[in-house]
Amino acid sequence: MSSNAIDGKPTPRPDHRIRSRNPKISFADDFPLAWHSTMPEFACAANGVSLLMPYVEPFVVRSVERVADQLPDEVRPAALAFARQERQHHAQHQRFNDRVYAAHPGLGWSKRLMAATFRFLDRRSDAFGVAFSAGAETVAYAGARWVDDRIGYCFDDAEPDAARLYLWHLAEEVEHKGAAHDVWESFSGNRFLYVMGTVTSILVLAFFAFVNTLGLLWVERKLFSPRAHWNLLVWSITYAFEFLPLAVISSLPGHHPNDLADPVYLPTWLRTQVDNEV
Ligand SMILES: [Fe+2]
Ligand SMILES: [Fe+2]
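So the mapping is simple: this note's numbering equals the position in the sequence shown, first residue as 1, plus 81.
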């Protein structure tokens with residue numbers, strides 16, 4: 082984050098290249114919900130995150146759009162473009178999730194719990210909403226970096242359309258990594274709320290990703306698989322090593338997400354596999 086030389090206030094760094102894309106993903110009628118042939122538990126964990134998207138991402142969109150009129154002119158276009166990307170993300174995940182719930186209606190209880198949680202968060206202040214959004218973007222960016230380090234491990238044995246959904250989503254998370262930070266900084270800049278928003282977002286997202294994954298392991302008859310639990314433990318710990326330093330750095334005065342070195346694979350994939358098709 083650079084500083085304004087006149088008044089000493091931090092200066093947002095909006096990225097005007099953010100744009101919404103249609104990844105053209107189609108799931109065949111017989112598309113397997115456990116879409117990873119050698120690590121079905123990986124599909125369960127990724128699907129557990131997918132089930133959460135139509136709750137957390139609309140919350141982020143609402144939080145950003147609610148304050149859009151109060152943002153500086155230089156920040157508003159990138160903020161709204163970021164919101165459009167998030168809207169497209171959860172719409173695509175919803176299409177997949179509908180299949181999950183149709184096949185396993187018993188998982189509907191977590192849907193109701195997620196809806197109630199985000200209704201509760203909706204009643205917090207606008208300043209909290211943008212702080213939570215900035216924190217949730219740190220969670221997502223850490224996820225993108227985690228996957229980028231393990232692309233072959235994660236997706237070599239995955240169904241291509243499932244891989245495309247997650248690669249497209251994560252690549253756009255990299256692309257808009259600084260947008261929510263700029264909204265938070267421009268709207269309130271309250272660092273205490275930023276830390277609270279980040280802590281709340283990781284706790285809420287980790288909790289629901291975990292319970293959704295357990296539900297999916299149950300329906301896939303993998304809940305008592307030692308290998309599944311070992312892998313989940315390793316993935317959780319390695320993700321924590323990715324997320325925690327980022328969360329600490331992100332909460333420091335003077336930091337801007339655009340200062341972080343991007344992963345290499347995901348932006349390249351987006352450019353060559355999606356942008357070139359349009
Ligand atoms: Fe997203
Ligand atoms: Fe995002």
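Yeah, the Cβ is synthetic: ideal placement off N, Cα and C, and Gly gets one too.
Bear in mind the structure is a predicted one, so any value in this text is a computation, not a measurement.
- Excluding its 5 nearest sequence neighbours in each direction, L297 has C-beta neighbours in its own chain below 7 Å: C125, N128 and G129, listed in chain order.
- Judged by pairs of C-beta atoms under 8 Å, the region 96 to 104 touches the region 244 to 255, as three or more such pairs exist.
- V156 is a Cβ neighbour of S267, given a cutoff of 7 Å.
- If you draw a straight line from the Cα of S118 to the Cα of L274, it is about 42 Å long.
- A distance below 6 Å between beta-carbons, with the five flanking residues on each side excluded, links F289 to the following residues of its chain, in chain order: L133 and M195.
- The C-alpha of R98 lies about 44 Å from the C-alpha of R302.
- Rounded to whole angstroms, V300 and A172 show a C-alpha spacing of 24 Å.
- Counting C-beta pairs closer than 8 Å gives fewer than three between the region 179 to 190 and the region 239 to 246, which falls short of the contact rule.
- The continuous alpha helix (DSSP H) containing E254 extends over residues P241 to E256.
- Checking the DSSP bridge columns, you'll see T119 has no partner listed.
- Distances taken from the Cβ of E167 to the heavy atoms of ligand 1 include one shorter than 6 Å.
- With fewer than three CB-CB distances shorter than 8 Å, the region 188 to 206 does not count as touching the region 159 to 173.
- Per the coordinates, the alpha-carbon of A223 lies some 21 Å from the alpha-carbon of F209.
- Exposure of F112 is indicated by the presence of fewer than 16 other C-beta atoms within 10 angstroms of its C-beta.
- Two segments are said to touch when three or more pairs of C-beta atoms, one from each, lie closer than 8 Å; by this definition the region 252 to 260 touches the region 333 to 348.
- Within the region 279 to 321, no run of beta strand (DSSP E) reaches 3 residues while sitting entirely inside it.
- In this structure, the straight-line span from the alpha carbon of A225 to that of T219 is close to 10 Å.
- One Cα belongs to A164, the other to T198, and the distance between them is close to 21 Å.
- Counting along the chain, E358 sits inside no alpha helix (DSSP H), nor does DSSP assign it H or E at all.
- A direct Cα-Cα distance of roughly 7 Å separates T281 from F213.
- Straight-line spacing of the CA atoms in D110 and L152 works out to 44 Å.
- Distances from the alpha-carbon of Q354 to those of P93, P95, P158 and I106 put I106 closest.
- When DSSP states are grouped into helix, strand and coil, D110 belongs to the coil group.
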